[in-house]
Amino acid sequence: MTVQTKASHLIERAAKHLRGLEELAQSAPLPSAPLPSAPSQAFPEQTPPLATPAPGVAVSDVAAPPTVEFQVLEQAGMIPWGRKRERVSEEFRLVQSQVLRQIDGAAKLATSATGLANLVMVTSARPNEGKSFISLNLAASIAHFGTRPVLLVDADAKHTSLTYHLNLMERPGLLEFGGGLAARLEDLIVPTRVEALSVLPIGGFGQGRGELTAKVSVANAVERLTRRLGKMVVVLDAPPCLSTSDPSALAPVVGQVVFVVEAEQTRRGEVEAALDLIAPCPSIMLLLNKTQLTTNSTFGAYYY
Ligand SMILES: Nc1ncnc2c1ncn2[C@@H]1O[C@H](COP(=O)(O)OP(=O)(O)OP(=O)(O)O)[C@@H](O)[C@H]1O
Ligand SMILES: [Mg+2]
0 MTVQTKASHL
10 IERAAKHLRG
20 LEELAQSAPL
30 PSAPLPSAPS
40 QAFPEQTPPL
50 ATPAPGVAVS
60 DVAAPPTVEF
70 QVLEQAGMIP
80 WGRKRERVSE
90 EFRLVQSQVL
100 RQIDGAAKLA
110 TSATGLANLV
120 MVTSARPNEG
130 KSFISLNLAA
140 SIAHFGTRPV
150 LLVDADAKHT
160 SLTYHLNLME
170 RPGLLEFGGG
180 LAARLEDLIV
190 PTRVEALSVL
200 PIGGFGQGRG
210 ELTAKVSVAN
220 AVERLTRRLG
230 KMVVVLDAPP
240 CLSTSDPSAL
250 APVVGQVVFV
260 VEAEQTRRGE
270 VEAALDLIAP
280 CPSIMLLLNK
290 TQLTTNSTFG
300 AYYY
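Residue 183 in numbering that gives the first Met the number 0 sits at position 184 of the sequence shown, with consecutive numbering throughout.
Have a look at this one:
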């Protein structure tokens, strides 16, 4: 492959780096960290209503959220890392530790130009590259092995696949929060059986969905949400960069991007165009998914 720009080096460098990750996964000791408890300052305020509330159904009397069971999480693609120590789970463990290291580093240097350190966006150039699979496993892995509670947010109003696979299609979520339709954030956040992991579905499934999605700025809602959550890590399952404007609107707000590339499927030009759109984010981790470089490998990661 001809290499012309810095961005066009990335896939080759990620593929090379994958081998390094594999060696590390096989040799490195992987100490487990104590599980966190939820920060006492989470959700300190009521959701501020918009000056003109967006259309949709107000959720003042919403039923208490159910708990997402292990079985549902696994059916949605969560690797059963608690039961098996397969290489893919070791790789997620390595990626989550890189993401947490980046969060800690970014928090120390935090300025208004560097985005919210604890907000991590998972995106890709095109649909179906593995964003929801990576988001779910990254969030679960940070919750289990890391040191902080995690909120996994479905920010893909078009595909809603994470919400669908977690059986949360009836629940209000990010769109209601963004539209000022939910009295309390606690009513929207759904706990899971993975300690320290909770989920915010996309929501907006009542009447007026079209108008609500058109009116609510996902980037604005996510920024307000993250500021409310204190030090909680927020992992966004975002739409693909070349399909909607949300990833580029979110790029200056997030502390880092995990950019998923489906190995041998995504075209170089698409990756370059997508990376240009999210260039305002100071830290982008390229994650090569579904690789066939070795029999069991599934992805590799590389920061630039
Ligand atoms: N590393 C992997 N190993 C095995 N299966 C995978 C892997 N990554 C993704 N998949 C599978 O590929 C399919 C697409 O993945 P996923 O739904 O995560 O993509 P997506 O980028 O979120 O798609 P969309 O853009 O439609 O939201 C799913 O069936 C998922 O389980
Ligand atoms: Mg998805």
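Beta carbons: idealized from backbone N, C-alpha and C, even for Gly.
Considering only residues of the same chain and omitting the five flanking positions on each side of residue i, which have a CB-CB separation below 6 Å?
i	result
V217	A154, D245
P200	D153, T162, L167, R170, G172
S26	For S26, the predicted model reports a pLDDT of 39, less than 50, meaning its position is unreliable; a value from the coordinates is still stated below. No residues qualify anywhere along the chain.
A273	A124, C240, L241
Q255	Q101, V119, S282
Nearest to residue i by alpha carbon, out of the options?
i	options	result
A62	E169, E261, P251, V252	E169
L241	E271, P251, Q264	E271
D275	K130, Q255, A250, Q264	A250
E222	G114, S131, G202	G114
T322	A213, G202, G177	Here the chain covers residues 0 to 303 and nothing more, so residue 322 does not appear.
L174	M77, T212, E269, S131	T212
P184	A220, M77, G207	Note that residue 184 is Leu in the sequence shown, not Pro. It is A220.
E71	V87, R86, L135, A106	The amino acid occupying residue 71 in the given sequence is Val; Glu does not appear at that position. When only C-alpha atoms are compared, the closest one is L135.
E269	P239, S160, A181	P239
G179	I277, K107, G203	G203
Residue range of the alpha helix (DSSP H) that residue i falls in?
i	result
A116	It is not in any alpha helix (DSSP H) - A116 instead sits in the beta strand (DSSP E) that spans 115-123.
D155	Per DSSP, D155 belongs to no alpha helix (DSSP H) and is neither H nor E.
V98	86-107
V71	69-74
D245	245-249
G268	267-276
L137	130-144
T162	160-164
L167	Note, L167: premise wrong, no alpha helix (DSSP H); not H, not E.
L241	Where L241 is concerned, there is no enclosing alpha helix (DSSP H), given that its DSSP letter is neither H nor E.
G177	173-177
Could you pull the start and end residues of the beta strand (DSSP E) that residue i belongs to?
i	result
F346	One cannot answer for residue 346 here, as it falls past the ends of the chain, which runs 0 to 303.
E261	253-261
I283	283-288
S197	196-199
V215	No beta strand (DSSP E) holds V215; DSSP gives it neither H nor E.
D236	232-236
Which same chain residues, not among the five before or five after residue i, have their C-beta less than 8 Å away from its C-beta?
i	result
I342	Here the chain covers residues 0 to 303 and nothing more, so residue 342 does not appear.
A50	Residue placement at A50 is poorly supported in this model, since its pLDDT is 48, which falls under 50; the coordinates still yield a value, given next. So the list is empty, once near-sequence residues are dropped.
P318	As shown, the chain starts at 0 and ends at 303. That puts residue 318 outside it, with no answer to give.
V67	L165, N166, L167, V189, P190, T191, R192, V198
A278	A250
Counting only C-beta atoms, is residue i closer than 8 Å to chain D at any point?
i	result
P238	Of the chains in the structure shown, none is chain D; there is only one protein chain.
Do residue j and residue i come within 8 Å of each other at the CB atom, strictly closer than that value?
i	j	result
A138	V253	no
V119	V198	no
I102	A116	yes
L165	A75	yes
K214	R147	no
T265	K157	no
L150	L99	no
R92	S140	yes
G145	Q95	yes
S282	A105	yes
By Cβ distance below 7 Å, which residues in the same chain neighbour residue i in space, the five residues on each side in sequence not counted?
i	result
N127	none
E73	P79
Taking 7 Å as the cut-off, is the beta-carbon of residue i closer than that to any non-hydrogen atom of ligand 4?
i	result
D155	Absence of ligand 4 from the depicted structure is noted, with ligand 1 and ligand 2 being the only ligands included.
What residues come near ligand 2, if near means a beta carbon less than 5 Å from any of its heavy atoms?
Every residue passing the under-5 Å Cβ criterion appears here: K130, S131, S160.
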